[in-house]
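Asks: Sharing a structure here in structure tokens format.
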Amino acid sequence: MEHIAIVGLAQTKFERRKRDKTYYDLVYEVAKAALEDSGLTLSDVDNVVTVSNDFLDGRTISSMAVGEAAGGSDKNISTVEGDGSFGALYGAMRVLSGFRASLIVVHSKGSEGNMRYVTNAMFDPIYHRPLGIESIAASALQANAYMQKYGLSEEDFALISVKNHGNALHNPYAHLPMTITVDEVMRSQKLADPLKLLDCSPISDGAAAIIIADKSTALKSAKKPVWIKGIGHCCEDYFLGDRDLASSKALYAAALKAYEMAHITDPLKEIDVAEVYDAFSYMEPLWLEGLGLCPSGRGVELTRRGFTAMDGDLPVNPSGGVLSAHAILVAGLVRIIECALQLRGEGGDRQVDGARRALAHGVNGPCGQSHCVWILEKD
Amino acid sequence: MIQLSDEGVVTSFTIVRFQFELHPTSPPFAYALIKLDGADVSFLHIIKDDLTSLRNFARVKAVFAQNRVGSIWDIECFRLI
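Residue numbers (this note's numbering), protein chains in the order written: chain D, 1 to 379; chain B, 1001 to 1081.
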């Protein structure tokens, strides 16, 4: 792949309700901050990708309302309706096809709608949606299938929640930094078995932006470029019953493509830090398996043995992950931003020492229907 | 066209314990993925009774509505056999 890099980035603090900021305000804030971070000007950016969702924003063609806030009014501007990692994928493809620099901006305010209605609406209108299923119950079906197939326990998943909320204590952008115990997770409100309140990510408001640039633009940016060495994406069936929910073949395929592109042959040894889309506690080990970092059914063992802790061989979600801040759509781009911060050495109290290569992962669709895997490196 | 049975096996389930206006009935009730006999994929529906006995691989049978209109609710629910 040609040399392209992340040269600017910004994220808001994530919180339950940003009462004083509109979508427009949030997009403006992060677009401006990402430009300032890069040292570039708006004239260096020749295309803008906005990421938004009409159901979340409560208006049709929601992208219309934020383009100019992203500095796109006189530019080539287009939109992705899905996770921010896919918006970044599209932005990267624009640069690979000849643009100099893409500004990718993602926003969402879960506080302004009813997330259960919104996630119910992602299901097909004939078979699934009339049953009233939404993301928590659908994910509970996946957690049940995963436990059943590999003999896992609710306590196994609680460990992930404890680790990630604890990591969030060191991330000033996180919504839910918490010191909690497995017992507290187990005693939290039962929502849909086996999932309890502390197995589930919060509903957050926030926004994020990155700038992806070609080599010549990257080399004149203010910060050291974070090079994009590999990207892989793959999708599987829409209907829950058509998939093996306990193993993600789409993620496996996406990861394989990304590793091949980045010339990685032993990801467990060659990756220094990972940020994965843990919307629910059980997802982190399931995705680690899909990423080929351990055999199927053994993802929890990595955490139990301390392998994924901050001082482990492969820290996973040093930021606290999606469990600790979940602005829908934004969260996938935040995984990329957090990895880029690690590679720049700007991780603050959550910095992983000596991180040279990072893996970021985003998800679209119910129960991880599609996945986008990024391999990033510093010089 | 393959004719499927009105019976099958639970491949995955969750007992729902929270309130939501679009839920078909008051909690607790279960969503279950059910592999109907003769099918190679699973079908989503609900189970309302005998939830304490509900397990993966349990056999279940569809309960049909008296008045059928061509919707997913022509099946009222599945019940454990």
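Ideal Cβ placement from N, Cα and C applies to all residues, glycine included. Note that the structure is predicted; figures quoted are calculated from it, not measured.
What is the DSSP secondary structure of G87 (chain D), counted as helix, strand or coil?
Replies: The answer is helix: DSSP assigns G87 (chain D) an H, G or I state.
Asks: For the alpha helix (DSSP H) containing A70 (chain D), name the first residue and the last one.
Replies: Counting along the chain, A70 (chain D) falls outside any alpha helix (DSSP H), and DSSP gives it neither H nor E.
Asks: Could you give the distance in angstroms between the alpha-carbon of N120 (chain D) and the alpha-carbon of L343 (chain D)?
Replies: Rounded to the nearest angstrom, the two C-alpha atoms are 38 Å apart.
Asks: Rounded to whole angstroms, what's the CA-CA distance from E2 (chain D) to A262 (chain D)? Just pull it up for me.
Replies: Computed Cα separation, rounded: 12 Å.
Asks: Could you tell me which of B:D1074, B:G1008 and B:F1043 sits nearest to A138 (chain D), measuring between CA atoms?
Replies: Closest option to A138 (chain D), Cα to Cα, is B:F1043.
Asks: Jot down the residue ranges of each uninterrupted alpha helix (DSSP H) in the region 285–309 of chain D, minimum 4 residues, whole runs only, in chain order.
Replies: Within the region 285–309 of chain D, the complete alpha helix (DSSP H) runs of at least 4 residues are 299–304.
Asks: When the cut-off is 9 Å and only beta carbons count, does I1072 (chain B) lie next to chain D?
Replies: Cβ-Cβ to chain D under 9 Å: yes for I1072 (chain B).
Asks: Return the first residue and the last residue of the beta strand (DSSP E) that Q11 (chain D) is part of.
Replies: Looking at the DSSP string, the run of the beta strand (DSSP E) that includes Q11 (chain D) is I4 to Q11.
Asks: Kindly list, in the order they appear in chain D, the residues whose Cβ is closer than 7 Å to that of T1014 (chain B).
Replies: Within chain D, the residues near T1014 (chain B) are A137, A140, L141, N144, A192 and D193.
Asks: When DSSP builds the beta bridges, which residues end up paired with Y127 (chain D)?
Replies: In DSSP, Y127 (chain D) forms no bridge with anything.
Asks: Just checking: is the beta-carbon of R1017 (chain B) within a distance shorter than 9 Å of some beta-carbon in chain D?
Replies: True, the Cβ-Cβ gap to chain D drops below 9 Å.
Asks: Counting only Cβ-Cβ distances shorter than 8 Å, please list the residues of the region 108–137 of chain D near chain B, keeping chain order.
Replies: Against chain B - using a Cβ distance shorter than 8 Å - the residues of the region 108–137 of chain D are R116, Y117, N120, I126, Y127, H128, P130, L131, G132, I133, E134, I136 and A137.
Asks: Let me make sure I understand the geometry here. Which of B:F1078, B:I1002, B:V1009 and B:F1013 has the alpha-carbon closest to that of A143 (chain D)?
Replies: That would be B:F1013, whose Cα lies nearest to the Cα of A143 (chain D).
Asks: Going by DSSP, name the residue or residues bridged to V1016 (chain B).
Replies: Paired residues: D:A192 and B:F1029.
Asks: How far does the beta strand (DSSP E) with V80 (chain D) in it extend, from its first residue to its last?
Replies: That run of the beta strand (DSSP E) goes N76 to V80.
Asks: Please give the ranges of any beta strand (DSSP E) in the region 32–62 of chain D, keeping only runs that are unbroken, at least 3 residues long and fully inside the region.
Replies: Qualifying beta strand (DSSP E) stretches, in chain order: 47–51.
Asks: Any idea if P315 (chain D) is buried or exposed, counting beta-carbon neighbours within 10 angstroms, 16 or more meaning buried?
Replies: That one is buried.
Asks: Can you give me the Cβ contacts of D124 (chain D) inside the same chain, cut-off strictly under 8 Å, excluding the 5 residues immediately before and after it?
Replies: Here the set comprises Y238 and F239.
Asks: Cα separation between R304 (chain D) and A140 (chain D)?
Replies: Straight-line Cα distance between these residues: approximately 22 Å.
Asks: First and last residue of the beta strand (DSSP E) that includes I160 (chain D)?
Replies: Not the beta strand (DSSP E): I160 (chain D) falls in the alpha helix (DSSP H), residues E154 to N167.
Asks: Name, please, each residue of chain B whose Cβ falls closer than 7 Å to the Cβ of G241 (chain D).
Replies: Correct list: L1033, V1041, S1042, F1043 and L1044.
Asks: Are the C-beta of F1078 (chain B) and some C-beta of chain D separated by less than 9 Å?
Replies: With 9 Å as the cut-off, F1078 (chain B) does not count as an interface residue toward chain D.
Asks: Span of the alpha helix (DSSP H) holding L268 (chain D)?
Replies: That run of the alpha helix (DSSP H) goes P267 to E270.
Asks: Taking the straight line between their C-alpha atoms, what separation do you get for S63 (chain D) and L329 (chain D)?
Replies: So the alpha carbons of these two residues sit roughly 13 Å apart.
Asks: Verify whether the separation of the beta carbon atoms of G206 (chain D) and S324 (chain D) is less than 9 Å.
Replies: For G206 (chain D) and S324 (chain D), no; Cβs fall outside 9 Å.
Asks: Locate the beta strand (DSSP E) running through I1047 (chain B), then write down its first and last residues.
Replies: F1043 to I1047 is the span of the beta strand (DSSP E), which, as asked, contains I1047 (chain B).
Asks: Is any beta-carbon of chain B found at less than 9 Å from that of Q369 (chain D)?
Replies: Judged by the 9 Å Cβ criterion, Q369 (chain D) is not in contact with chain B.
Asks: Would you mind reading off the limits of the beta strand (DSSP E) that contains I231 (chain D)?
Replies: I231 (chain D) -> beta strand (DSSP E) spans V226 to C235.
Asks: Whole angstroms is fine: what's the gap from L1004 (chain B)'s alpha carbon to D278 (chain D)'s?
Replies: In a straight line, the C-alpha of L1004 (chain B) is about 37 Å away from that of D278 (chain D).
Asks: Using a C-beta cutoff of 9 Å, does L56 (chain D) count as contacting chain B?
Replies: No, L56 (chain D) does not count as interfacial toward chain B.
Asks: Can you pull the chain C residues whose beta carbon is under 8 Å from the beta carbon of Q148 (chain D), in chain order?
Replies: The structure shown contains no chain C; its protein chains are D and B.
Asks: Smallest Cα separation from D46 (chain D): which of D:R335, D:P318 and D:S78?
Replies: D46 (chain D) has its Cα closest to that of D:S78, out of D:R335, D:P318 and D:S78.
Asks: Tell me which same chain residues have a C-beta within less than 8 Å of the C-beta of E15 (chain D), skipping the five on either side of it?
Replies: Cβ neighbours of E15 (chain D) beyond the five flanking positions: H175, S204, D205 and G206.
Asks: Going along the chain, which residues of its own chain have a beta-carbon closer than 6 Å to the beta-carbon of S52 (chain D), five neighbours each way excluded?
Replies: The answer, listed in chain order, is S62 and S63.
Asks: Under 8 Å from any heavy atom of the ligand COA, does the C-beta of I264 (chain D) make it?
Replies: Summarising the ligand content, the structure contains no ligands, and the ligand COA is consequently not present.
Asks: List the residues of chain B whose Cβ lies closer than 7 Å to the Cβ of L198 (chain D), in chain order.
Replies: Here the premise fails: no neighbours, minimum Cβ distance about 14 Å.
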